[in-house]
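Below you'll find the structure, written out as structure tokens, and then a few comments.
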Amino acid sequence: MYMPNFTIGAVATKSNISTDESALSALKAHVTSDPQNILTTNWSTSNSNICSWIGVTCSLRHLRVTALNLSYMNLTGTIPPHLGNLSFLVRLEFGNNSFHGTLPQELSRLRRLTRVSFANNIFVGTIPSWFGSLSKLQRMRLNEIPKEMGFLDQLEDLYMQFNALKGPLPMAVFNISTLTTLTVYKNSLIGSIPDNICQHLPNIQVLHLGSNQFSGPLPSKLGQCKGLGILLMGENNFTGTIPKNIGNLTQLTALYLGFNNLTGTIPNEIGNLQNLETLTFGDNNLNGLVPATIFNISMIREIGLSESSRMVLV
Numbered sequence: 046m047y048m049p050n051f052t053i054g055a056v057a058t059k060s061n062i063s064t065d066e067s068a069l070s071a072l073k074a075h076v077t078s079d080p081q082n083i084l085t086t087n088w089s090t091s092n093s094n095i096c097s098w099i100g101v102t103c104s105l106r107h108l109r110v111t112a113l114n115l116s117y118m119n120l121t122g123t124i125p126p127h128l129g130n131l132s133f134l135v136r137l138e139f140g141n142n143s144f145h146g147t148l149p150q151e152l153s154r155l156r157r158l159t160r161v162s163f164a165n166n167i168f169v170g171t172i173p174s175w176f177g178s179l180s181k182l183q184r185m186r187l188n189e190i191p192k193e194m195g196f197l198d199q200l201e202d203l204y205m206q207f208n209a210l211k212g213p214l215p216m217a218v219f220n221i222s223t224l225t226t227l228t229v230y231k232n233s234l235i236g237s238i239p240d241n242i243c244q245h246l247p248n249i250q251v252l253h254l255g256s257n258q259f260s261g262p263l264p265s266k267l268g269q270c271k272g273l274g275i276l277l278m279g280e281n282n283f284t285g286t287i288p289k290n291i292g293n294l295t296q297l298t299a300l301y302l303g304f305n306n307l308t309g310t311i312p313n314e315i316g317n318l319q320n321l322e323t324l325t326f327g328d329n330n331l332n333g334l335v336p337a338t339i340f341n342i343s344m345i346r347e348i349g350l351s352e353s354s355r356m357v358l359v
């Protein structure tokens, strides 16, 4: 029996849409609270095709779901295993909701993913180790840090701020050479930062480790991170002196080392940072003179030196 190619294609497309529709319908069924009535009123096949649903993006060629973004919708619920059937998914974003429970292992099937966000929810347990198999990931926002993260050799941006992370930051994170942004602000992470961090993160541009419980000295080779534009390590328990080679970070626009236990003097080399807009050393145990070169930085807008004991302005 002869059947034209376009009919076969139509059947295949309908089947693919049905697969994705089933996955999204399962997700809707697992949402127990939708205060803005986004899914309740918009996610209905009687009203429109799934490709026009809020938060859903489809490819033009295959009509498959390629992006799912439910961030900031105030949703409550759990993640069903059916989402693992969205085989064309590239972006999956659930940030800033109240999803809970655990992440289903079926998500490991989503091998096309380049961006994932589960941050600022109330998931329990840890992010599963199989995340390390999603080799195309470039950006992640998570609540926990598995050591398998080090396998993500295309990851560029890693955001884990405003969570309840505890324990040390796995050394594997510092081996992802493609990272340009590492943000773990406002957690309870402990441990020290490797001295050779710049050797393993040659592309790092934003390093935000603030408001944790990191300790030990600042990396003595920090000045080798030549591409750093933002360095925020304040509100920790770092000790020792400020490395002079920080003056090599000429791309820096923000340097925050306040609220630690740093000692010694502020190096004169800080005056080399002519792109600095914000500079904070306050609430440490620094002494000596404040280098006059700091006040010659033309871009500077904010200098924080309060409660740095025994500091003298010149």
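So for the sequence shown, the numbering used here puts the first residue at 46; every next one is plus one.
Quick reminder that beta carbons are idealized off the backbone N, C-alpha and C, glycines included.
{"Check": "Cut-off 6 Å between Cβ atoms - residues of its own chain near residue 261, not counting five sequence neighbours on either side", "Outcome": "237"}
{"Check": "Three-way DSSP call (helix, strand, coil) for residue 292 in this model", "Outcome": "helix"}
{"Check": "Residue 267, buried or exposed, once every other Cβ within 10 Å from all chains shown has been counted against 16", "Outcome": "buried"}
{"Check": "DSSP state of residue 49 mapped onto helix, strand, coil", "Outcome": "Caution applies to residue 49, whose pLDDT of 39 falls short of 50 and renders its modelled position unreliable; the model cannot decide the point."}
{"Check": "Member of 310, 124, 303, 280 whose CA lies at the smallest distance from the CA of residue 287", "Outcome": "310"}
{"Check": "Rounded distance between the beta-carbons of residue 324 and residue 349, thought under 8 Å", "Outcome": "7 Å"}
{"Check": "Near the ligand MG: residue 127 beta-carbon under 8 Å from a heavy atom", "Outcome": "With respect to the ligand MG, the structure offers nothing, as it holds no ligand at all."}
{"Check": "Exposed unless 16 or more other CB atoms sit within 10 angstroms - verdict on residue 164", "Outcome": "buried"}
{"Check": "Residue 145 vs residue 114 beta-carbon contact at 9 Å", "Outcome": "no"}
{"Check": "Beta carbon of residue 110 nearer than 9 Å to that of residue 79", "Outcome": "no"}
{"Check": "Selected residue, minimal CA-CA separation from residue 251, among 201, 282, 211", "Outcome": "201"}
{"Check": "Ranges of the beta strand (DSSP E) found wholly within the stretch 308-356, counting only runs of at least 3", "Outcome": "323-325, 333-335, 347-349"}
{"Check": "Cβ shell of residue 130 (< 6 Å), same chain only, five flanking positions each side left out", "Outcome": "64, 68"}
{"Check": "Simplified DSSP state of residue 112, which is helix, strand or coil", "Outcome": "strand"}
{"Check": "Three-state class that DSSP yields for residue 126 in the structure shown", "Outcome": "helix"}
{"Check": "Rounded separation between residue 316 and residue 341 - CA only", "Outcome": "7 Å"}
{"Check": "Buried versus exposed, by CB contacts within 10 Å (16 or more), residue 147", "Outcome": "exposed"}
{"Check": "Expected contact under 8 Å - CB spacing of residue 157 and residue 182 to nearest Å", "Outcome": "With a Cβ gap of about 10 Å, residue 157 and residue 182 do not count as contacting."}
{"Check": "Euclidean distance between Cα positions of residue 344 and residue 118", "Outcome": "39 Å"}
{"Check": "Range covered by the beta strand (DSSP E) that runs through residue 245", "Outcome": "Here residue 245 belongs to no beta strand (DSSP E); instead the alpha helix (DSSP H) covers 242-245."}
{"Check": "Outcome for residue 253 when other beta-carbon atoms lying within 10 angstroms are tallied against a minimum of 16", "Outcome": "buried"}
{"Check": "C-alpha gap between residue 274 and residue 243, whole angstroms", "Outcome": "13 Å"}
{"Check": "Minimum C-alpha distance to residue 301 - residue among 211, 76, 328", "Outcome": "328"}
{"Check": "Opposing strand residues paired with residue 202 [DSSP bridges]", "Outcome": "184, 226"}
{"Check": "Extent of the continuous alpha helix (DSSP H) run through residue 86", "Outcome": "83-87"}
{"Check": "Residue 58 versus residue 151: straight-line alpha-carbon distance, rounded", "Outcome": "A caution first: residue 58 carries a pLDDT of 45, below 50, which makes its placement in the model too unreliable to give a value."}
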